[in-house]
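In what follows, a single structure is set out as structure tokens and then discussed.
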Amino acid sequence: MNLTLKIWRQKDSNAKGQMVDYKVTDISEHMSFLEMMDVLNEQLVNTGEEPVAFDHDCREGICGMCSMYINGEAHGPDRGVTTCQLHMRMFKDGDTITIEPFRAAAFPVIKDLIVDRMAFERIQQAGGYISVNTSGNTQDANAIPISKHAADEAMDAATCIGCGACVATCKNSSAMLFVGAKVSQYALLPQGQVEAADRVRNMVAQMDLEGFGNCTNTGACEIECPKGISLENIARMNRELMKASIS
Amino acid sequence: MALDSKVPKGPIKDKWTDYKNHIDLVNPANKRHIDIIVVGTGLAGGSAAATLAELGYNVKAFAYQDSPRRAHSIAAQGGINAAKNYQGDGDSTYRLFYDTVKGGDYRSREANVYRLAEVSANIIDQCVAQGVPFARDYGGLLDNRSFGGVLVSRTFYAKGQTGQQLLLGAYSAMNRQIARGKIEMFNRHEMLDVVKVDGKARGIIARNLITGEIERHSAHAVVVASGGYGNVYFLSTNAMGSNATAAWKIHKKGAYFANPCYTQIHPTCIPRSGDYQSKLTLMSESLRNDGRIWVPKNMDDVMAIREGRKKPTDLSEEERDYYLERRYPAFGNLVPRDVASRAAKERCDEGYGVNATGEAVYLDFKSAITRYGKEQAKIHNITNPSEEKVYELGQAIVEAKYGNLFQMYEKIVDENPYKTPMMIYPATHYTMGGVWVDYNLMTTIPGCYCIGEANFSDHGANRLGASALMQGLADGYFVLPYTIGDYLSDDIRTGKIPTDTKEFDEAEKEVKDRVDFFINNKGTKSVDYFHKRLGKVMWDKVGMARNEKGLKEAMAEIKAIREEFWKEVKVPGNANEMNPELEKAGRVADFLELGELFAKDALVREESCGGHFREESVELDGEQKGEAKRNDKDFAFVSAWEYKGEPADAVLHKEELEFKDIELKQRSYK
Chain A
1 MNLTLKIWRQ
11 KDSNAKGQMV
21 DYKVTDISEH
31 MSFLEMMDVL
41 NEQLVNTGEE
51 PVAFDHDCRE
61 GICGMCSMYI
71 NGEAHGPDRG
81 VTTCQLHMRM
91 FKDGDTITIE
101 PFRAAAFPVI
111 KDLIVDRMAF
121 ERIQQAGGYI
131 SVNTSGNTQD
141 ANAIPISKHA
151 ADEAMDAATC
161 IGCGACVATC
171 KNSSAMLFVG
181 AKVSQYALLP
191 QGQVEAADRV
201 RNMVAQMDLE
211 GFGNCTNTGA
221 CEIECPKGIS
231 LENIARMNRE
241 LMKASIS
Chain B
1 MALDSKVPKG
11 PIKDKWTDYK
21 NHIDLVNPAN
31 KRHIDIIVVG
41 TGLAGGSAAA
51 TLAELGYNVK
61 AFAYQDSPRR
71 AHSIAAQGGI
81 NAAKNYQGDG
91 DSTYRLFYDT
101 VKGGDYRSRE
111 ANVYRLAEVS
121 ANIIDQCVAQ
131 GVPFARDYGG
141 LLDNRSFGGV
151 LVSRTFYAKG
161 QTGQQLLLGA
171 YSAMNRQIAR
181 GKIEMFNRHE
191 MLDVVKVDGK
201 ARGIIARNLI
211 TGEIERHSAH
221 AVVVASGGYG
231 NVYFLSTNAM
241 GSNATAAWKI
251 HKKGAYFANP
261 CYTQIHPTCI
271 PRSGDYQSKL
281 TLMSESLRND
291 GRIWVPKNMD
301 DVMAIREGRK
311 KPTDLSEEER
321 DYYLERRYPA
331 FGNLVPRDVA
341 SRAAKERCDE
351 GYGVNATGEA
361 VYLDFKSAIT
371 RYGKEQAKIH
381 NITNPSEEKV
391 YELGQAIVEA
401 KYGNLFQMYE
411 KIVDENPYKT
421 PMMIYPATHY
431 TMGGVWVDYN
441 LMTTIPGCYC
451 IGEANFSDHG
461 ANRLGASALM
471 QGLADGYFVL
481 PYTIGDYLSD
491 DIRTGKIPTD
501 TKEFDEAEKE
511 VKDRVDFFIN
521 NKGTKSVDYF
531 HKRLGKVMWD
541 KVGMARNEKG
551 LKEAMAEIKA
561 IREEFWKEVK
571 VPGNANEMNP
581 ELEKAGRVAD
591 FLELGELFAK
601 DALVREESCG
611 GHFREESVEL
621 DGEQKGEAKR
631 NDKDFAFVSA
641 WEYKGEPADA
651 VLHKEELEFK
661 DIELKQRSYK
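Keeping their order, the protein sequence lines are chains A and B.
Residues 1 to 247 (UniProt numbering) are what the first sequence spells out, left to right.
Residues 1 to 670 (UniProt numbering) are what the second sequence spells out, left to right.
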């Protein structure tokens with residue numbers, strides 16, 4: 001198929017960016033979206049132009065590096081996938097595809113489609129861990145049975161890949177799905193109880209400091225999340241925060 | 001220089017304990033004055049950085065991604081082995097040790113593997129304490145599954161995302177130390193050289209991938225944990241950015257490179273679909289617990305399937321060739337990876353491949369779904385369930401176990417694997433070879449350590465499933481933190497290493513010159529053009545089956561591609577900005593050298609062992625006819641290569657392997 005691409009080009013964080021049109025031809029429906037971008041970049045390199053910079057790494061939907069906003073949706077029109085898992089069979093010959101970076105005040109553009117997600121790092125550093133030494137002198141792994149239900153629910157929250165699609169999708173640029181997922185993973189497990197109150201307070205405080213907005217229960221994040229992280233995690237985070245504030 | 005593996009004396013089961021009791025320690029007050037650089041933040045690097053910082057050292061950690069959480073360990077699916085014997089099925093430290101040495105086709109160092117098995121149980125305790133949500137049974141205890149090449153269930157898992165959960169555990173431990181200021185994290189940085197002062201590793205030159213700035217970083221020791229070199233094949237299951245540059249740079253500065261020809265071609269990956277393909281996707285080996293691998297028995301059916309006249313589900317049991325179950329009745333679909341890969345290649349080479357390219361076999365879940373369905377029907381007291389009901393009940397179980405893998409497959413191939421068998425084919429996945437290290441995990445450069453997939457130490461010629469995560473975390477959490485202390489105890493009075501010295505000047509100049517060369521070369525061909533050509537030579541001539549003629553051709557061809565690369569490579573953009581093409585150029589330049597050494601190593605090793613299969617070395621008769629033939633008399637050694645300029649001139653040093661605790665036997669899975 002032949003396509004027109006409208007892509008956000010921006011030299012660096014200080015430069016003013018703009019949408020630029022490109023054409024690609026003979027794209028196979030079996031290609032992944034990023035393979036289509038590879039074709040474009042090979043074309044640009046061969047004609048002496050600078051290729052489009054975009055984040056990507058594992059190309060199997062788990063590292064959370066890729067981050068495009070395609071036709072107005074984070075990770076594009078398919079559900080339950082990251083951009084690298086999106087395939088061209090979702091598009092038609094002659095389509096025009098608009099490709100932008102994830103936009104949020106807390107995610108400044110570094111170059112073209114690459115944004116700076118260090119805000120997520122700082123939130124994790126504020127409390128996204130259990131304070132246990134890695135010495136190996138811990139008790140036996142089976143010493144505390146954990147119900148299958150709790151373990152499975154914690155796992156569902158823990159599958160967040162930290163891509164930032166929730167932030168890019170949210171009209172308030174809220175990071176509460178991301179933070180809620182991490183808070184929930186620990187809140188659901190006995191190991192996480194000791195520091196639960198401080199954890200949620202500190203992570204939420206850092207989240208606010210980074211300039212992310214608040215949740216107004218639209219639920220778009222849950223729909224666009226490539227890992228299907230549930231909105232319940234936001235509710236759980238709010239409960240945890242409430243609990244922490246009265247304890 | 002003679003190779004000294006520094007394996008402690010004494011009985012194998014006491015070595016590590018005795019060693020720990022007798023090494024020099026650094027007192028906590030002195031640790032504050034010692035800096036350590038860790039390059040790479042996957043399971044090995046991440047766990048090492050966290051633990052070293054926790055002990056009190058000042059750690060500087062480097063990752064080329066924007067966060068340590070994105071290292072490619074995250075993509076490991078199936079699980080992590082540990083000799084916990086929770087299932088009471090006869091597992092033990094010795095059995096895990098034995099399975100790993102046998103699975104590695106008797107080409108690994110006994111003492112290292114025993115230590116790995118010994119600390120394995122502790123890894124699970126550690127990860128559970130960190131909040132890693134491993135799968136549990138209804139009683140709330142940890143669940144296990146089985147992997148290829150073993151007869152016990154010792155694999156712990158978190159759905160099909162075990163690597164992700166373990167990495168997030170190590171990452172959380174890192175975050176705790178970053179928050180305390182004990183780890184200084186350098187995201188989007190790439191190490192481009194190591195700096196030696198008085199023969200010791202004392203720092204690195206790194207490029208800030210956002211600004212393009214070339215930076216100097218000093219430390220008392222350098223730990224390289226940069227992963228494997230599978231991307232030398234261009235197409236592999238590695239991440240796009242996975243590269244050998246850090247490992248290759250230390251090799252060029254004096255670290256020997258061991259067994260580059262030991263590469264794992266994983267049997268269950270999604271087959272290639274076209275020339276545009278940028279990477280291959282793994283389907284976890286855990287699927288072989290429940291999936292049965294087959295091709296049609298009759299060539300007519302193969303053709304009918306390829307032409308779309310028949311569907312795989314149309315074929316009756318009698319018309320299918322479950323070739324692994326046929327050839328290896330004892331292990332069946334759970335033979336080790338190298339055996340399963342070659343068996344798939346054998347069927348496809350004979351023309352039985354089931355897709356248009358002729359390079360695919362089926363992985364079928366129907367019998368597992370039916371089996372689970374019947375079991376569920378019993379549990380739920382459903383008498384005489386319909387076939388549909390059984391299938392529905394069984395599908396729910398399979399979905400709970402492997403749901404994310406099935407979803408991943410469906411998104412890529414656009415077929416529902418619950419309804420029709422998956423198509424799979426082998427692909428490059430893991431490199432057992434790597435930087436040579438001694439028992440302390442130190443390379444032949446004093447003060448330069450290498451851990452995780454980047455080193456060569458534990459998997460011999462073939463790695464068993466779920467052992468990579470185990471090794472990465474064992475090295476980082478439990479081994480390196482001890483061994484590095486013994487070395488650093490001599491450095492308590494050294495003081496900060498200055499970076500304004502001639503050694504740093506020279507290393508930095510070399511790096512800058514190379515960057516400038518790429519930018520100014522203005523050639524005619526893209527970096528990928530060369531990388532793809534290299535990959536094709538590697539796959540065709542240094543892939544699943546190798547022979548003398550092909551390897552010699554490969555060496556000559558790779559050299560020619562390398563020479564053309566240095567003349568014709570084209571890198572757009574500038575040096576002092578974010579420039580992904582420039583990053584790729586540096587990495588491919590190193591692969592073009594490594595590839596040739598790889599072929600040379602394969603040429604020298606005139607035996608078949610593990611992932612290295614020489615067509616000249618097969619069993620000619622008996623029950624094992626056609627199987628790989630190892631030659632212990634002449635090749636029970638580690639090949640450690642010393643850099644001498646051109647890869648063809650590399651000098652071979654041999655570390656003879658001694659087997660005192662395991663009897664050398666032919667590996668039989670029949």
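Positions of the beta carbon are idealized from the N, C-alpha and C atoms, including for glycine.
For residue i, the three-state DSSP class (helix, strand or coil)
| i | result |
| --- | --- |
| GLN10 of chain A | coil |
| PHE517 of chain B | helix |
| VAL115 of chain A | strand |
| THR100 of chain B | helix |
| PHE178 of chain A | helix |
| LYS440 of chain B | The question names Lys, but residue 440 of chain B is Asn in the sequence shown. It is coil, neither helix nor strand. |
| GLU73 of chain A | strand |
| ARG70 of chain B | helix |
| LEU141 of chain B | coil |
| LYS171 of chain A | coil |
| TYR328 of chain B | coil |
| HIS22 of chain B | helix |
Minimum C-alpha distance to residue i - residue among the options
| i | options | result |
| --- | --- | --- |
| TYR430 of chain B | B:MET442, B:TYR449, B:GLY472 and B:ALA121 | B:GLY472 |
| TYR64 of chain B | B:ARG587, B:GLY103, B:ASN547 and B:GLU410 | B:ARG587 |
| THR313 of chain B | B:SER367, B:ALA554, B:LYS559 and B:ASN440 | B:SER367 |
| PHE33 of chain A | A:GLU222, A:LEU5 and A:LYS148 | A:LEU5 |
| GLY212 of chain B | B:GLU568, B:LEU488 and B:GLY573 | B:GLY573 |
| VAL128 of chain B | A:GLY128, A:ILE144 and A:ALA181 | A:ILE144 |
| ARG326 of chain B | B:ALA344, B:ARG309 and B:ALA49 | B:ALA344 |
| HIS56 of chain A | B:SER242, B:LEU405 and B:ASN381 | B:SER242 |
| ASP175 of chain B | A:THR169, A:ARG199, A:ALA150 and A:PRO108 | Note that residue 175 of chain B is Asn in the sequence shown here, rather than Asp. Per the Cα distances, A:ARG199. |
| GLY127 of chain A | B:PHE134, B:LYS159, B:SER172 and B:ASP89 | B:SER172 |
| ASP105 of chain B | B:ALA461, B:PRO647 and B:ALA602 | B:ALA461 |
| ILE484 of chain B | B:LYS549, B:VAL38 and B:LYS541 | B:VAL38 |
| GLY160 of chain B | B:ALA135, B:ARG306 and B:LEU151 | B:ALA135 |
Enclosing beta strand (DSSP E) for residue i [first to last residue]
| i | result |
| --- | --- |
| GLN130 of chain B | Taken as a continuous stretch (DSSP letters only), GLN130 of chain B belongs to no beta strand (DSSP E), as it is neither H nor E. |
| ASN576 of chain B | Run containing ASN576 of chain B: none; DSSP gives neither H nor E here. |
| TYR449 of chain B | 448-450 |
| ILE99 of chain A | 96-101 |
| VAL638 of chain B | 637-642 |
Those residues which DSSP pairs with residue i across a bridge
| i | result |
| --- | --- |
| ALA221 of chain B | B:ILE36 |
| GLN18 of chain A | A:ARG9 |
| ASP364 of chain B | B:ARG292 |
| LEU282 of chain B | B:CYS269 |
| MET185 of chain B | B:ALA61 |
| ARG493 of chain B | None; ARG493 of chain B has no bridge partner. |
Assumed close pair residue i, residue j - CB separation to whole angstroms, cut-off 8 Å
| i | j | result |
| --- | --- | --- |
| CYS269 of chain B | MET283 of chain B | 6 Å |
| GLN18 of chain A | ASP112 of chain A | Contact flag wrong, Cβ pair sits at about 11 Å. |
| GLY230 of chain B | THR428 of chain B | 5 Å |
| LYS525 of chain B | LYS570 of chain B | 6 Å |
| CYS448 of chain B | ALA201 of chain B | 4 Å |
| MET432 of chain B | THR263 of chain B | 7 Å |
| LEU363 of chain B | PRO426 of chain B | Not confirmed; about 12 Å, so no contact. |
| ARG216 of chain B | GLU508 of chain B | 6 Å |
Delimiting residues of the alpha helix (DSSP H) encompassing residue i
| i | result |
| --- | --- |
| GLU232 of chain A | 232-246 |
| HIS531 of chain B | 527-541 |
| LYS401 of chain B | 387-413 |
| SER316 of chain B | No alpha helix (DSSP H) holds SER316 of chain B; DSSP gives it neither H nor E. |
| TYR482 of chain B | 480-488 |
| ARG207 of chain B | Per DSSP, ARG207 of chain B belongs to no alpha helix (DSSP H); it is in the beta strand (DSSP E), 200-208. |
| THR245 of chain B | 245-252 |
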